[in-house]
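Trainee:
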Amino acid sequence: MGTALLVAGAFVFTLVIALPVLAIVARAVPTGSLPQTLGRPIVLEALRLSFLTTMLTLALALLFGTPLAYLLSRYRFRGQALVDSLIELPMVLPPAVAGIGLLMAFGRRGLVGEPLASVGIAVGFTTAAVVLAQFFVAAPFYVRSARVAFASVDRELEVVSHTLGVSDWATFWRVTVPIAFPSLLGGAVMCWARALGEFGATIMFAGSFPGRTQTMPLAIYAALESDLDAALVLSVILTVVSFAVLVPLRLFVGRAGRAYA
């Protein structure tokens, strides 16, 4: 009976996750409009913009999130719980609140945006706003995974490296990072995937301007209002792209994890 309940629970969970994806494909494929929709300039622009902004977001997350995660995993300081909560807040914050917060901070009349606007630098409703919105909601996923990854590295290995005369910087790159790499890569994948699917904060802070701020999720929303078939085809494209990137990376993470086990 216990096994039957486990199987039933797993089946229901898998069905709830898989059914919406299968429904999109089942509705979109018979329309036969995939080639025509894929060739539309607005679709190509949305794809290009999505990959450009998500890659920039991932690069920023790696650049700034890696040292932050290492710091949080290695040192204890007063107020660390508050810092941890602040970093993870975007993961649970409603997208509308995130969008308003970004507007109030970086919009034309925002705390930072107003001084920037006075010298001719606009952030809101630009491609930079898309990257900033994606970074705000997606980077915490990488920081969280990276922190766990660094914390799982045996400190004794680093101590041995130091006793052999290896510098802190070299130890980090030659010892710590290779051991933590599978989890770091997994966190990077989650960060990229979250950025790719970002919608709420982006549409409020950056708007939905084709070629400038309209990423794939925003293009799907725009198409849904006037052309359901186009929205379905765009959804299939985004689903296929997501699988094409996530599945190989997940397989690599699994193999790398077994290699370091």
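Take any residue in the sequence shown, count from 1 to its spot, add 922: that is its number in our numbering.
Beta carbons: idealized from backbone N, C-alpha and C, even for Gly.
This structure is a prediction, so every number in the text was calculated from the model and none was measured.
(1) Counting only the same chain and skipping the five closest in sequence on each side, list residues whose C-beta sits under 7 Å from that of M1126.
(2) Just to confirm my understanding: we take S995, look at its own chain, exclude 5 residues before and 5 after, and list those with CB closer than 7 Å. What are they?
(3) Closest to V1052 by C-alpha separation, out of G1001, T975, A1152, F1131, would be which residue?
(4) Can you have a look at A940 and say buried or exposed, based on whether 16 or more other CB atoms are within 10 angstroms of its CB?
(5) Between the C-alpha atoms of W1095 and T1135, what's the straight-line distance to the nearest angstrom?
(6) Less than 8 Å separating the beta-carbons of A1123 and F1057?
(7) How is S1074 classed by DSSP in three states: helix, strand or coil?
(8) According to DSSP, simplified to helix, strand and coil, what is G987?
(9) Do the segment 1153-1170 and the segment 959-975 meet, that is, are 3 or more Cβ pairs less than 8 Å apart?
(10) Would you kindly check if the distance between the Cβ of A1060 and the Cβ of R1000 is under 8 Å?
(11) Looking only at its chain, what residues have a beta carbon closer than 7 Å to the beta carbon of M1138, apart from the 5 residues adjacent to it on each side?
(12) Quick check on DSSP: helix, strand or coil for R962?
(13) Would you identify the three-state DSSP class for R1000, choosing helix, strand or coil?
(14) Put P1016 into one of helix, strand or coil per three-state DSSP.
(15) Tell me the rounded alpha-carbon separation between R998 and D1006.
(16) Rounded to whole angstroms, what's the CA-CA distance from Y1143 to G1108? Just pull it up for me.
(17) Just to confirm, is the Cβ distance from V1097 to E1080 under 8 Å?
Mentor: Here's the rundown:
(1) Numbered from its first residue, the sequence shown carries residue 1126 at position 204. Taken in chain order, the residues that qualify are A1018, G1021, I1022, L1025.
(2) Walking along the sequence shown from the start, residue 995 turns up at place 73. Correct list, in chain order: R1069, F1072, A1073.
(3) Locating residue 1052 in the sequence shown gives position 130, where the first residue counts as 1. Of the listed residues, the one whose Cα sits closest to V1052 is T975.
(4) As a working mapping, residue 940 is identified with position 18 in the sequence shown. The residue in question, A940, is exposed, as its Cβ has fewer than 16 Cβ neighbours within 10 Å.
(5) For the purposes of this step, residue 1095 is identified with residue 173 of the sequence shown, where counting begins at 1. For the purposes of this step, residue 1135 is identified with residue 213 of the sequence shown, where counting begins at 1. The alpha-carbon atoms of W1095 and T1135 are separated by roughly 36 Å.
(6) The residue labelled residue 1123 in the question sits at position 201 within the sequence shown. The residue labelled residue 1057 in the question sits at position 135 within the sequence shown. Against a cut-off of 8 Å, the Cβ pair of F1057 and A1123 comes out as no contact.
(7) The sequence position of residue 1074 within the sequence shown is 152, counting from 1. Three-state result, S1074: coil.
(8) Walking along the sequence shown from the start, residue 987 turns up at place 65. The answer is helix: DSSP assigns G987 an H, G or I state.
(9) Result yes; three or more Cβ-Cβ pairs closer than 8 Å.
(10) Translated into positions along the sequence shown, residue 1000 becomes position 78. Translated into positions along the sequence shown, residue 1060 becomes position 138. Cβ atoms of R1000 and A1060: not closer than 8 Å.
(11) Residue numbering aside, residue 1138 sits at position 216 when the sequence shown is read from its first letter. Excluding sequence neighbours, M1138 sits near A968, L969, S972, L1156, L1160.
(12) One-based indexing of the sequence shown puts residue 962 at position 40. Here R962 sits in coil by DSSP.
(13) Within the sequence shown, the letter at position 78 stands for residue 1000. Correct three-state label for R1000: coil.
(14) Walking along the sequence shown from the start, residue 1016 turns up at place 94. DSSP places P1016 in coil when its eight states are reduced to three.
(15) For the purposes of this step, residue 998 is taken as the residue at position 76 of the sequence shown. For the purposes of this step, residue 1006 is taken as the residue at position 84 of the sequence shown. Near 11 Å, if we compare the C-alpha coordinates of D1006 and R998.
(16) Working through the sequence shown from its first residue, we reach residue 1143 at position 221. Working through the sequence shown from its first residue, we reach residue 1108 at position 186. Straight across, the Cα-Cα distance linking Y1143 with G1108 is about 29 Å.
(17) Mapped onto the sequence shown, residue 1097 falls at position 175. Mapped onto the sequence shown, residue 1080 falls at position 158. In contact: V1097 and E1080 (Cβ atoms closer than 8 Å).
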